[in-house]
Amino acid sequence: MIRTKKIAVLAIIAMVLMMLPVQVFAADDDTDRIYGKDRVETAIKISEAGWTTADTVILAPSANNNLVDALAVAPLAGQENAPILLTPVDALDASVKAKIVDLKAKKVILVGALTDAVKNEVAGISDVTVEVLKGADRWETTSLVNAKLSSPNGTFVVGYNAIPDALSAASYAAKNKYQIILAGVNGAVPEGQSVAGTSYILGGPTLVGDISGATRIYGQNRYETNNEVAKTLTYDYGKVFVANGVSLVDALSVAPFAAQTNSFVALADNNGVEAADGLAGKITSATKAIALGGPSVVSDTVKNSIFDTEDSGEFTIKSVTAPNLIQLQVTLSNTDYDEDDLTDVDNYDVEAVAKDDKDASNIEVAKAEVEGKTLTLTLIEPVKNESVGTLTVDDIITGEEVAFDNIKFSDHDIPTIKDVKVIGKDTVKFVFSEPISSLKDTSDEFDFDLDGKTYGVKEVVPVKNGFEANVKVYTSFKEGSLKVEVGNGLEDYAGFNIIPQTFDVDVVEDTQAPEVVGYKSAKAKEVTLIFNEDIQLESDEEEDFYHTNSSNEVSSISDDDIDGNELTLDFSENELPDGTAYVYIKSGAVSDLWDNENNSIKVQVQIDVDDVKPVVKKVEYKDSKITVTFSEKVDESTAEDTDNYTLVDEDGDNVGITSADLSTTSKKVDLTLRSTPDDGTYKLTIEDVEDQAGNEIEKVTKDVVVDDTDAPVLKGGKAYYDISGSRYRIYLEFDDKLATSGNYSVTDLYKYEVSTDSGSHFVNLGDEEEDDNIYAKIDLIDNGQTVRITTDYPFVTNAGALTAVNKIQIVGRIADVDGNYTTTAQMPASGGYSIEDKASRTVSILSAVAKSKTTIEVEFDGNLDKYNKSDFIVWKDTDGNDRKQSGETTVYTVEDIEKKSADKILITLDDDTKLPANPEVSGGEIKVGTVGSTKSENSYGVKLQPNLGIDSSTSPYDTSAYDAISVTDEINPSVKKLDNIDRNAEYTGSEKNGTNNKSDDIASVWAEYDSTLDSGNGGSLIHILFDEPVDAGTVGNFVVKRNSDKFVVNNVSTSGNTVTLTVFEGAKTATSKVDKNDTIDIGFIYDAEGNVTSTLKLKVEYPVTNIVAPTVPDALGSNSDVLSGTLLSLTKGKVLFTDNATTSNDTLVFTNLADNVTTITVTGAATTPATATVTGGVASVNIGDNNGSSSVVVTVTLTNAVGDSSTTTLTLKASDGTSNLD
């Protein structure tokens, strides 16, 4: 049963309506749309609008591929005053047959490809004669049609396949009796046909050749040609018909009807009507725009775009209105926009102030949809009725940020049902006058009955943001008259309910396959096809959807790719080609909601060639991130490569970027920084980012203004109080300086409410003070970060102290001085903040961050007004127990304190006690603590927390229960420097490296020359010693030069703190040897914590050391016999062989070896190979037990430090030279 609300007024209205005769959706003179469930029914609806009777009816094929046969029939229809009806080629549609009878037709003219089956069915209609105009081809059919015209007044000549061009002028031809001739394939008028009267050529010279005396009308495409027709020919403009420029058949059907009023037929695409330009100055506000086909064929926005005739060429936003409480409708000046930008919800901010509220509420935009010149913004939640709103549009849309004020959200209309129709075997569509809320929960509001059979509702599916609902039932409908009852539980966002209604809707099975009538958003990776009706997937096989050929299938396909009558195909893995492309869908891959499966589909789409480099449209800092907006979608891999972004501060120091994340729109990249940057103007350099077509951005540097973008936050989540005489002073400490003027001022007493019953009920201090019930005053302290309310409000007390039942809350939003305001209109959300005695309050350290070796930034959990440097201690915590022990003697002297804000300071250390490069190293972490009795305090006497990290064993401090604060490393890596250096002496790694040690602060950058590098051409090794381990990056990060000549950096390696560059000659022609004072430019160097250097400009500080390459060792000498126990002198050394009879190891001892020999290897003995290291020219080699042989031949290899070697063969024998070895 229908759930009914007891609303008396609605019930009375409903009863009155039930007593009236109902005529559902009858056409009248005010109609702005003529349509049926398909093109056949739309043609019938057109005939009903234009004729009550007709002696003659013209019948044409309904399929697009047969349309050309009927191209010339409009003038004949005009002459005969005959409607044009459509039917499938092989059978007479039953509703068409009924309409022929209804019109009392005496003659039916069949045109084009209609079969004898159709002819015979028509002939079977009583009192109807049949005439067939059907030639062997399109030209003969056209000739037969034109032969029926009596004395035509003029001629239109169109290209042989230019259906749209012909239909642009069809209504004019029908009105003025102009024949339509199809040119041949060669562009000439076919033999046997002649041009009569005033003549026009429709189309360009590639389609139709020049004709003497004829006026050519054409544009670059069908829509431009349609526009030129509007400019050239004369029409009356009481009405303009708008037809789909892709499916076209409706433009044929309407031609004789439009001819009755000499009306123009405009061809539309998905964005609008090109001919609006040609209609400028001709149509008026009284002109009636009539769409042909349903909203999926020609939308209301497209239909109404004929009136958008004023366009300066510049893209602007013309107006913003609120058609209901959950949407904004934005009217655009033209369609010269970036659809991705317009549909990015992040580009819009909406505020609304309700009639009964003091402060604005921010409402997120949930969806942004653009069609033609209309942008619709759907909000995430409805706005209160009678609110006034502001829409702020980001500057990326129009080039500058624009705000539209005084948008009235007002809804006092009762929602209505505009249309009900059966769109599938188990689905009924309802169209509403405005969005209906909570449609998914309204299944009880619908009852369906057909011949006594009821149908239970399975689900209600919201469509088009609640403007429509598809109601699905559990079983399929049978044909007949379906009784539909709708209860009054359907409610709009203003709370108004639909009046209960009953409809009788015909269930007529649709047997036509779904067809594609257009496309949108055609890009290399994606295209959206638009069907003539809602569809569903029958196949989830990627191979059933492809472009160009079957190997280019979609990347994936699922139900999520369907939105009503739109199918989005993802070709990200097989991109569409530039220019003209063809998209294919195999038969049976989709179906309509009647289960009619598609025939094979081939759609021509146009993909623009992308050879334009992306540019940076916008860079902004917000929500602790830098957002880079590009002009187009960019490649993920290059966009998310942090090496492609370099950020430097006002001092030129690099700021670390830890990640780059591409948004779902693929046009925005969020850069996350290693730490929160100070306010100021930074410079961001962007390079090597590519768009999705592979075009690379030109290197660009943009300013990034960093200022506070965070809303103020109450520190500690509670308030504090003290007593001043008979009054209480309540303190609310915030993390930023607060606004004192405007709507978000913190000094507005009406923003504060107090409770004495644990937050159950609150009293507004502003109201109480205005009524003279209390004293209350607000002032700001602690550099404008703490609100102090002085009042004598009668709080609940115990012995003079406030009890826990007292609470305070903030109503209305507040802001800081930078204009950042709180997101909620009440803080906290419920229950209020507790009010605690300030005596229980201390201000503690939240964090400590080393910004350099001599500065530490310290942040507190509360605000302080006065700071004392003697309160702070900084030391190295060698035992890691977070306490300052007496044995921990490395202490850093606090030289100065700079107050950055009420809750943040910068400690400066003495230059003689600099921090280590990494203050987080285990076993040597740097800590910040406080002394036992602190002097730093806020403006109402709350002191800095004492005894942070102070152990009881460290006299004279008391026992502490608090750990010290670890110092976080944000010190950028730097090159180690030395004092007392002689720059004319080679680098030794220590001070006093020479005899003239007078230079200080010299960077540890030195070089060595090695003649063996680069295949013996020579090269240099440049060494750079940092003060901590670093990541050097790649060779591209380094440039080594002598004046303007560059060396080739062949390799970069890192060992601990040292970076080594291998450098070859490069552009230099004299030598590849690097010299003292040659320069090294380094882009960036990271340490282990992600801190990054600024651009380093270094030079080789010391004379270059020559590395003497070892020479190839000479062989020992000629092949020789070596007798056991006899020292044998060879040319380059001596050898002693010992044949050990008592052990398992014979030995070879070599002496007097050359200095360059480092290793000796013996092969061929019992132990092989046998190797030994040469020390001082001597080596002893154990070669195993070689007994039983009269001799053993071994090979001795001498090797130097770089692997060069020489060999000698020796024969080992017993001491007598003949016996076997033992």
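Mind the numbering: the sequence shown is residues -26 to -1, 1 to 1196 in mature numbering (1 follows the signal peptide of the UniProt record, and there is no 0), read in order.
From the three backbone atoms N, C-alpha and C, an ideal C-beta is built for every residue, glycine too.
inquiry  = Please report the straight-line C-alpha distance between Glu442 and Phe477, rounded to a whole angstrom.
reply    = Distance between the alpha carbons of Glu442 and Phe477: 16 Å.
inquiry  = Nearest by alpha-carbon distance to Val680: which of Asp1055, Lys262, Ile600 is it?
reply    = That would be Ile600, whose Cα lies nearest to the Cα of Val680.
ask   = In terms of residues, what are the limits of the beta strand (DSSP E) holding Asn380?
value = 376 to 383 is the span of the beta strand (DSSP E), which, as asked, contains Asn380.
request  = Taking only runs that begin and end inside the segment 201 to 278, name each unbroken beta strand (DSSP E) of 3 or more residues, in chain order.
outcome  = Qualifying beta strand (DSSP E) stretches, in chain order: 213 to 218, 238 to 242, 262 to 266.
task = Please work out which residues of its chain come closer than 6 Å, Cβ to Cβ, to Ala229, disregarding the five sequence neighbours upstream and downstream, and give them in chain order.
result = If we look at Ala229 and ignore the five residues flanking it on each side, its Cβ neighbours are Ala48, Ala144, Ser145, Ala148.
Rounded separation between Lys1050 and Thr638 - CA only = Separation of Lys1050 and Thr638 (C-alpha to C-alpha, rounded to the nearest whole angstrom) is 52 Å.
ask   = How is the alpha helix (DSSP H) around Thr616 delimited, first residue to last?
value = Segment: none, Thr616 is in no alpha helix (DSSP H) and carries neither H nor E.
inquiry  = Going by DSSP in three states, Ile18 sits in which element: helix, strand or coil?
reply    = DSSP places Ile18 in helix when its eight states are reduced to three.
task = Go ahead and label Thr632 buried or exposed: buried means 16 or more other beta carbons lie within 10 angstroms of its beta carbon, across all protein chains shown.
result = Counting C-beta atoms within 10 angstroms of its own C-beta, Thr632 has fewer than 16 neighbours from the protein chains shown and is therefore classed as exposed.
inquiry  = Give the list of continuous beta strand (DSSP E) stretches no shorter than 3 residues that lie fully inside the segment 35 to 84.
reply    = Uninterrupted beta strand (DSSP E) stretches at least 3 residues long and entirely within the segment 35 to 84 occur at 58 to 61, given in chain order.
task = Could you tell me if Glu1099 is buried or exposed, where buried requires 16 or more neighbouring beta carbons within 10 angstroms of its beta carbon?
result = Reading off the sequence, residue 1099 comes out as Gly, not Glu. So Gly1099 ends up on the exposed side.
Ser734 versus Tyr807 - alpha carbon distance = Each residue's alpha carbon lies about 12 Å from the other.
task = Return the CA-CA distance between Thr887 and Val979, expressed in angstroms with no decimal places.
result = Taking the straight line joining both Cα atoms gives about 25 Å.
task = Go ahead and pull the three-state DSSP assignment for Pro1143.
result = It is coil, neither helix nor strand.
task = For Tyr931, collect the residues of the same chain with a Cβ closer than 6 Å to its Cβ; drop the 5 residues on either side in sequence, then sort them by chain order.
result = Only weak support is given to the placement of Tyr931: the predicted model assigns it a pLDDT of 43, under 50, and the value that follows is read from those uncertain coordinates. So the list reads Gly906, Ile924, once near-sequence residues are dropped.
query = Between the beta-carbon of Glu202 and the beta-carbon of Gly252, is there less than 8 Å?
reply = Contact: yes.
task = Output yes or no for whether 8 Å exceeds the beta carbon distance between Ala563 and Asn573.
result = At least 8 Å separates the beta-carbon of Ala563 from that of Asn573.
query = Taking Cβ positions, are Arg13 and Leu60 nearer each other than 8 Å?
reply = Taking the C-beta atoms as reference points, Leu60 is found nearer than 8 Å to Arg13.
key: Of the residues Asp76, Gly373, Ile660, the one placed nearest Glu614, counting alpha carbons only   = Cα-wise, what sits closest to Glu614 is Ile660.
message = Buried or exposed for Ala770, going by 16 or more other Cβ atoms inside 10 Å?
response = For the sequence presented, residue 770 should be read as Val rather than Ala. Exposed, by the Cβ-count rule.
ask   = If you count every other CB in all the chains shown that lies within 10 Å of the CB of Asp243, and 16 or more means buried, which is it?
value = Buried.
ask   = Does DSSP put Ser814 in a helix, in a strand, or in coil?
value = Taken through DSSP and simplified to helix, strand or coil, Ser814 comes out as helix.
ask   = Mapping DSSP to helix, strand and coil, what is Ser929?
value = Interpretation of Ser929 is limited by its pLDDT of 47, a score under 50 that renders its predicted location unreliable; the figure taken from the coordinates is listed afterwards. The answer is coil: DSSP assigns Ser929 none of H, G, I, E or B.
inquiry  = What does the Cβ neighbour count give for Thr275, buried or exposed, with the cut at 16 atoms within 10 Å?
reply    = Buried is the call here.
message = For Gln578, count the other beta carbons within 10 Å of its own beta carbon; 16 or more makes it buried, fewer makes it exposed. Which is it?
response = For Gln578, the number of other beta carbons within 10 angstroms of its own is below 16, and it is reported as exposed.
ask   = Got a sec? Which residues, its chain only, sit under 7 Å from Ser929 by beta carbon, not counting five neighbours each side?
value = Low local confidence applies: a pLDDT of 47 at Ser929 is under 50, so the model's placement there is unreliable, with the coordinate-based value given in what follows. In its own chain, leaving out the 5 sequence neighbours on each side, no residue places its CB closer than 7 Å to the CB of Ser929.
request  = Compare the C-alpha of Asn55 against each of Ala37, Lys81, Ala72, Ser36 and name the closest.
outcome  = From the listed residues Ala37, Lys81, Ala72, Ser36, the smallest Cα separation to Asn55 is found for Lys81.
query = Run through DSSP, which three-state label would Pro(-6) get?
reply = Unreliable positioning characterises Pro(-6) in this predicted model, as indicated by a pLDDT of 30, which lies under 50. A coordinate reading is not provided.
task = Take Ile391 as the anchor and find which of Gly463, Asp425, Tyr493 has the nearest alpha-carbon.
result = Of Gly463, Asp425, Tyr493, the residue nearest in Cα terms is Gly463.
key: Neighbourhood of Pro(-6) by C-beta distance below 7 Å, restricted to the same chain and skipping five residues each side   = Because Pro(-6) carries a pLDDT of 30, less than 50, the predicted location of this residue cannot be relied on, and the following value inherits that uncertainty. The answer is none, since no qualifying residue turns up.
Coil, strand or helix - Val96 by DSSP = Note: Val96 maps to helix in three-state DSSP.
ask   = If you run the structure through DSSP and keep just helix, strand and coil, what is Glu744?
value = It is helical.
Selected residue, minimal CA-CA separation from Val447, among Asn526, Gly177, Ile381, Leu567 = Comparing Cα positions, the closest option is Leu567.
task = Helix, strand or coil for Ile879, going by three-state DSSP, please let me know.
result = In the structure shown, Ile879 sits in a strand (DSSP, three-state: E or B).
Per-residue DSSP class, three states only, for Tyr914 = Reduced to three states, the DSSP call for Tyr914 is coil.
ask   = Can you tell me whether DSSP reads Gly1162 as helix, strand or coil?
value = Looking at Gly1162 - three-state DSSP - the assignment turns out to be coil, as it is neither helix nor strand.
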